[in-house]
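Going by the UniProt record's numbering, 83 is the number at position 83 of the sequence shown; the sequence numbering is gapless. The structure appears below as structure tokens.
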Amino acid sequence: MAALSSPSSSRFATSVSGPAMMTLLPAVSLSSRRGLPECKGLKIQSYSKLSFASYNSRYPGVSKRRAAVVCEAQETALDIPAVTDRTWQSLVLKADGPVLVEFWAPWCGPCRMIHPVIGELAQQYAGKLKCFQLNTDDSPSIATQYGIRSIPTIMIFINGEKKDAVIGAVPKTTLSASIEKFL
Numbered sequence: 001m002a003a004l005s006s007p008s009s010s011r012f013a014t015s016v017s018g019p020a021m022m023t024l025l026p027a028v029s030l031s032s033r034r035g036l037p038e039c040k041g042l043k044i045q046s047y048s049k050l051s052f053a054s055y056n057s058r059y060p061g062v063s064k065r066r067a068a069v070v071c072e073a074q075e076t077a078l079d080i081p082a083v084t085d086r087t088w089q090s091l092v093l094k095a096d097g098p099v100l101v102e103f104w105a106p107w108c109g110p111c112r113m114i115h116p117v118i119g120e121l122a123q124q125y126a127g128k129l130k131c132f133q134l135n136t137d138d139s140p141s142i143a144t145q146y147g148i149r150s151i152p153t154i155m156i157f158i159n160g161e162k163k164d165a166v167i168g169a170v171p172k173t174t175l176s177a178s179i180e181k182f183l
């Protein structure tokens, strides 16, 4: 296997193992190259065609603020119990009092953004509101039953009946207002 390095591509090292096989490998960790902190869960992604170094030199501090917010949100995220097809009936439909369910999927960026908010709400309304997460990839039948077409979707149930739904990664104040209507 021969390793080739192109002067025009400082971002990737190219390795060739045969005439038609080519693999791109990161030459340097993107976060170390950007000078940003490493985060455990959410990753920093750039969708721009500009190299991040040139973008960062034009707008210093922009990427650093974004990285700090992502890392900070990770640290405040609380574990919200999961509900599945098997536990849906007992935990949500037969629950005493209001229940908030976040319909989400692991590949959904806005879902990951709202997880810390749901955790804060669970803590804020502890004893008044039960909070659960339902992974729509693992329990598609429940998502279909309630007409979930966009995620994240947050639903509030009382005595097994759907009372309210909020679609999208909305501010904490929007969710709090929705919860307060049913307490």
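For each residue, glycine too, the CB sits at the ideal point set by N, CA and C.
Taking just the CA atoms, how far does residue j sit from residue i?
i           : j       : result
Leu-36      : Asn-159 : At Leu-36, the pLDDT of 42 sits below 50, so the modelled position is not reliable; the number obtained from the coordinates is stated separately. The straight-line gap from Cα to Cα measures roughly 47 Å.
Leu-121     : Lys-172 : 8 Å
Met-155     : Ala-177 : 13 Å
Arg-86      : Thr-174 : 30 Å
Lys-163     : Phe-182 : 8 Å
Ile-80      : Leu-91  : 13 Å
Ile-179     : Thr-144 : 23 Å
residue 187 : His-115 : Shown here, the chain extends from 1 to 183; a query on residue 187 therefore has no answer.
Gln-89      : Phe-157 : 12 Å
Val-83      : Gln-133 : 6 Å
Ala-165     : Ser-150 : 11 Å
Ser-139     : Met-113 : 21 Å
Pro-106     : Val-117 : 16 Å
Gly-147     : Cys-131 : 20 Å
Ile-167     : Cys-111 : 11 Å
Thinking C-alpha only, which one of the options is nearest residue i?
i       : options                            : result
Gly-127 : Pro-98, Ser-141 and Gly-109        : Pro-98
Ile-142 : Leu-93, Ile-80 and Pro-81          : Leu-93
Pro-152 : Cys-108, Ala-95 and Thr-174        : Cys-108
Glu-161 : Gln-124, Asp-85 and Ala-95         : Ala-95
Gln-124 : Met-113, Ala-105 and Leu-100       : Leu-100
Lys-169 : Val-83, Asp-79, Ser-90 and Trp-104 : Reading the sequence as shown, one finds Ala at residue 169 and not Lys. Comparing Cα-Cα distances from Ala-169 to each of Val-83, Asp-79, Ser-90 and Trp-104, the minimum goes to Trp-104.
Leu-129 : Gly-147, Gly-119 and Thr-144       : Gly-119
Cβ-heavy atom distance between residue i and the ligand COA below 7 Å?
i       : result
Leu-175 : For the ligand COA, the structure offers nothing, since it holds no ligand at all.
On the three-state DSSP scale, how would you describe residue i?
i      : result
Ala-27 : Low confidence applies to Ala-27: its pLDDT is 43, below 50, so where it sits in the model is not reliable enough to give any reading.
Exercise. Where are the beta strand (DSSP E) runs, 3 residues long or more, that stay fully inside the UniProt domain "Thioredoxin" (67-183), in chain order?
Worked result: Runs of the beta strand (DSSP E) spanning 3 or more residues and lying entirely within the UniProt domain "Thioredoxin" (67-183) occur at 98-104, 130-135, 153-158 and 161-167, in chain order.
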